[in-house]
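Novice: Take a look at the following structure, please.
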Amino acid sequence: MTKKILILLFMLIPINANALIEVDITRGNLNPLPLAVSPLSIDEESRKGFEKILKKENIGSEISNIVENNLRTSGLFNPLDKKAFLQAPDIANLKPRFEDWNLIKAQALITGKVNYVDDKLRVEFRLWDVLAAKEMMALAFTTVPNNWRRVGHIISDKVYERLTGEKGYFDTRIIYVSEEGPKTQRIKKLAIMDQDGANNKFLTLGNELVLTPRFNPASQMVTYLSYFKNMPRVYLLDIETGTQEVVGDFPGMTFAPRFSPDGKKIIMSFAKDGKSDIYTMDLENRIVEKITNHPSIDTSPSYSPDGKYITFNSDRSGYQQIYVMKNDGSDVKRISFGNGLYGTPVWSPRGDLIAFTKLHKGKFYIGVMRTDGSGERLLTENYYQEAPSWSPNGRVLIFYRETKTNSKGEGFSAKLWSIDLTGYNERQIKTPTDASDPSWSSLLSN
Amino acid sequence: MRLNKIFKNTLLVLAACLVLSACATKKEVATDIQGQMQGDVYTGTDTVEYLADGVPDRVFFATNESILTTASRETLRAQAAWLRKNPNINVVLEGHADERGTREYNLALGERRANAAKDYLMTYGISSDRITVLSYGKERPVDSGSNPLAWSKNRRSVTVKAN
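Line by line, the protein sequences are chains A and B. Here the first sequence is numbered in the numbering used here, starting from 16 and rising by one per residue. Here the second sequence is numbered in the numbering used here, starting from 27 and rising by one per residue.
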């Protein structure tokens, strides 16, 4: 996935009307906005052109399906059944007959057109406010045909942003650990897929145990833990080139890596002599700094988005709790004081919240609290779940869940799930194998 | 009469519960009665292998703990004696946690458990040069069950010959 593949030519038609439709995403949305995603219209010549290259009968419909699926899974929108649409896609894109769309109770309408131009895919789309009978947005892109799925994701992001006032999270990828085999001998591989589960690809072969991959927020680099040669160490992987290198080659186990928000440092734990402390490594000059110095276990560090603070997990009080400190390790404050154990703190990309895993009375919870520890809110309870990772807009958390085995030790599974910050819209994310340790990328475009 | 018998049995179970501080469920009591756990530390021999005659290869831990029990110290003294007798053998101490904890914390906990065993071997004269510590966290359970007995078998440090 290189930069050159997305040649975006933003043209276009200025938006002259203020949005009348507003989707409030701060509350649980029990009444998702009804909208119509009219299939992108396509002329016969273009259709044939794309059919030849992409092996898709109608690329216009395929792109619309991506948009429809994204908007539906966000939980904020309710895409209406296409069978009820009265207007043909090409005419709707020219001038929608708003009464028709009003009749089927669509409040917003997405239309568009696909062309095959100079071996390129040209897509234009429009977002219409049905009640106000106005165009809200119009954009066009030109890109290589293979990028058609991403075009669908970018349209989804634009629509989401226009209707909610916040950036979307659809043109993103998820890196995770694929799991296979019996529970006592799991084979684990790094795998990557688009946010909607498409384009799944394995990045390692499963010869060695790999854990906890995390995206660099500033590039397509990943840091993870590998047991290569039975030496658990933090590694760096360039997804584009496949180059791997060890970065945490200390005399002991390095683990729990994450990037700093600018992507220039890795923060991780280094375990030696029964103590785990937090260290950073500057990726450019390889200078290592020790951030915590305590006989306890200090792990799962995560930077605030401005890079000034670090939240981490420590058992210095006797049990696993969540702490916040300045980025130089000073001013350490415990922030979790509820009942139970707290782990895996992750700072929201918006800066205001820390997501965590909580263990209380034999149940695992994914929750959020403010960065001073106030306002704790548990989003979901289960037999086992952990490792939340934020969508780049800070509205959705992805995590993994494991099932309890029966008395014979059978029935184990590990799956990815996502839930809105509101506590609504809990969904399983389908993966070809069992899966754990998800990490959400930044937006690939814009 | 029959009622009386049931009543007596109930009393017995209750008494057992009172004796065992870590009594959470009847099932747990049952496993305790079988003599495989003390508190929540595994005391059975199901999964134990032997480095040599009378030298068990592993020690077990309580939940979230890395403290060596009396039995564990005995096992490690036997391992130290065996290592002294076999000066050419080096070992890897593999530390493990159960599945009821977050992955990263468990990696650290496994390391801490293996180091507890290492420290003890060292106080019995084994050079740290001969010992490598390797934590698997919760990645390599021996028992795939989701119950307290299975978890107790999985909270362990295993001494493995490295050469």
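Just so you know, even glycine gets a beta-carbon here, dropped at the ideal spot from N, CA and C.
Give me the residue from Tyr398(A), Thr359(A), Asp115(A) with the minimum Cα distance to Phe100(A).
Specialist: For Phe100(A), the nearest C-alpha among the options comes from Asp115(A).
Novice: Report yes if the CB atom of Phe140(A) is closer than 8 angstroms to the CB atom of Gly127(A), and no otherwise.
Specialist: Yes. Within cutoff.
Novice: Examine the Cβ distances between the stretch 447 to 460 of chain A and the stretch 409 to 426 of chain A and report whether three or more of them are shorter than 8 angstroms.
Specialist: Counting Cβ pairs under 8 angstroms, three or more are found: they touch.
Novice: Along the alpha helix (DSSP H) that carries Phe65(A), what are the first and last residues, could you check?
Specialist: Counting along the chain, the alpha helix (DSSP H) containing Phe65(A) begins and ends at 59 to 69.
Novice: Would you list, in chain order, the members of the stretch 269 to 296 of chain A that have their beta-carbon closer than 9 angstroms to a beta-carbon of chain B?
Specialist: Those would be Phe270, Ala271, Ser284, Ala286, Lys287, Asp288, Gly289, Lys290, Ser291, in chain order.
Novice: For the putative contact between Trp362(A) and Ser404(A), defined by C-beta atoms under 8 angstroms, what is the C-beta separation to the nearest angstrom?
Specialist: Wrong, their Cβ atoms sit about 11 angstroms apart, outside the cutoff.
Novice: Which residue or residues does DSSP assign as beta-bridge partners of Asn397(A)?
Specialist: Bridge partners of Asn397(A): Phe379(A).
Novice: Is Asp277(A) closer than 8 angstroms to Ala233(A) when the C-beta atoms are compared?
Specialist: In this structure, Asp277(A) lies closer than 8 angstroms to Ala233(A) by Cβ.
Novice: Going along the chain, which residues of the stretch 336 to 365 of chain A sit with their C-beta nearer than 7 angstroms to a C-beta in chain B?
Specialist: Cβ contacts with chain B: Gly358, Thr359.
Novice: Let's see if you can read the secondary structure: which residues bound the alpha helix (DSSP H) around Arg165(A)?
Specialist: Unbroken alpha helix (DSSP H) run through Arg165(A): 163 to 179.
Novice: Round the Cβ separation of Pro485(A) and Thr307(A) to the nearest angstrom and send it over; I've been treating them as touching at under 8 angstroms.
Specialist: Residue 485(A) cannot be examined here, being either before or after the span of chain A that is shown, 16 to 461.
Novice: Is there a Cβ from chain A that is less than 8 angstroms from the Cβ of Val168(B)?
Specialist: By this cut-off, Val168(B) is an interface position.
Novice: For Glu91(B) and chain A, any beta-carbon pair shorter than 8 angstroms?
Specialist: So no, Glu91(B) is outside the interface.
Novice: Please name the residues in the stretch 57 to 84 of chain B whose beta-carbon is closer than 7 angstroms to at least one beta-carbon of chain A, in chain order.
Specialist: Residues passing the 7 angstroms Cβ filter: none.
Novice: May I ask you to report which of helix, strand or coil DSSP gives Asn132(B)?
Specialist: Helix at Asn132(B).
Novice: Would DSSP call Tyr68(B) helix, strand or coil?
Specialist: Strand at Tyr68(B).
Novice: Straight-line CA distance for Ser6(A) to Ser319(A)?
Specialist: Nothing in the structure corresponds to residue 6(A), since chain A is present only between 16 and 461.
Novice: Would Ala51(A) and Leu95(A) qualify as a contact pair, given that the criterion is a beta-carbon distance under 8 angstroms?
Specialist: Taking 8 angstroms as the Cβ cut-off, Ala51(A) and Leu95(A) qualify as a contacting pair.
Novice: Please look up how many angstroms separate the CB atoms of Gly263(A) and Thr269(A), rounded, as I've assumed it's under 8 angstroms.
Specialist: Right, their Cβ atoms sit about 3 angstroms apart.
Novice: Less than 8 angstroms between the CB atoms is what I'm expecting for Tyr184(A) and Val411(A), so what's the real figure, rounded?
Specialist: With 8 angstroms as the limit, Tyr184(A) and Val411(A) qualify as a contact, their Cβ atoms being about 6 angstroms apart.
Novice: Just the chain B side, please: which residues come within less than 7 angstroms of Phe427(A) by C-beta, in chain order?
Specialist: Under the 7 angstroms cutoff, chain B gives Ser170.
Novice: Let me know if Asn189(B) comes out buried or exposed under the rule of 16 or more other beta-carbons within 10 Å of its beta-carbon.
Specialist: Answer is exposed; the Cβ neighbour count stays below 16.
Novice: Asn300(A): which of Asn161(A), Ile281(A), Gln259(A) sits nearest, CA to CA?
Specialist: Among Asn161(A), Ile281(A), Gln259(A), the Cα nearest to that of Asn300(A) belongs to Ile281(A).
Novice: By how many angstroms is the C-alpha of Glu165(B) removed from the C-alpha of Phe243(A)?
Specialist: For Phe243(A) and Glu165(B), the distance between alpha carbons rounds to 15 angstroms.
Novice: Could you give the first and the last residue of the continuous beta strand (DSSP E) run that contains Arg84(B)?
Specialist: 84 to 86 is the span of the beta strand (DSSP E), which, as asked, contains Arg84(B).
Novice: Are the C-beta atoms of Ser178(B) and some chain A residue less than 8 angstroms apart?
Specialist: Output row for Ser178(B): interface = no.
Novice: Under 7 angstroms Cβ-Cβ, which residues of chain A neighbour Asn141(B)?
Specialist: The contacting residues are Asp288, Gly289.
Novice: I'd like to know whether the C-beta atoms of Ser456(A) and Thr187(A) end up nearer to each other than 8 angstroms.
Specialist: Contact flag set, yes.
Novice: Closest to Asp253(A) by C-alpha separation, out of Thr219(A), Ser275(A), Ala286(A), would be which residue?
Specialist: Minimum Cα distance to Asp253(A) is reached at Thr219(A).
Novice: Leaving out five residues on either side along the sequence, give the residues of the same chain with a beta carbon under 6 angstroms from the beta carbon of Phe92(A).
Specialist: Within the same chain, Phe92(A) has close Cβ partners Pro47, Leu48, Leu50, Leu86.
Novice: Roughly how many whole angstroms lie between the Cα atoms of Asp292(A) and Ser460(A)?
Specialist: In a straight line, the C-alpha of Asp292(A) is about 36 angstroms away from that of Ser460(A).
Novice: Which partner residues does Glu417(A) have in the DSSP bridge list?
Specialist: Beta-bridge pairing links Glu417(A) to Ala429(A).
Novice: Nearest by alpha-carbon distance to Gln105(B): which of Ala176(B), Leu175(B), Gly127(B), Gly80(B) is it?
Specialist: Ranking the options by Cα distance to Gln105(B), first place goes to Gly80(B).
Novice: Give the residues of chain B in contact with Glu194(A), contact being defined as C-beta atoms less than 7 angstroms apart.
Specialist: Near Glu194(A) there are no residues of chain B at all, since even the closest Cβ is about 10 angstroms away, more than 7 angstroms.
Novice: What three-state label does DSSP hand Tyr357(A) in the structure shown?
Specialist: Tyr357(A) falls in the strand class under three-state DSSP.
Novice: Considering only the beta carbon of each residue, do Arg62(A) and Asn80(A) sit closer than 8 angstroms?
Specialist: No, they are not a contact pair.
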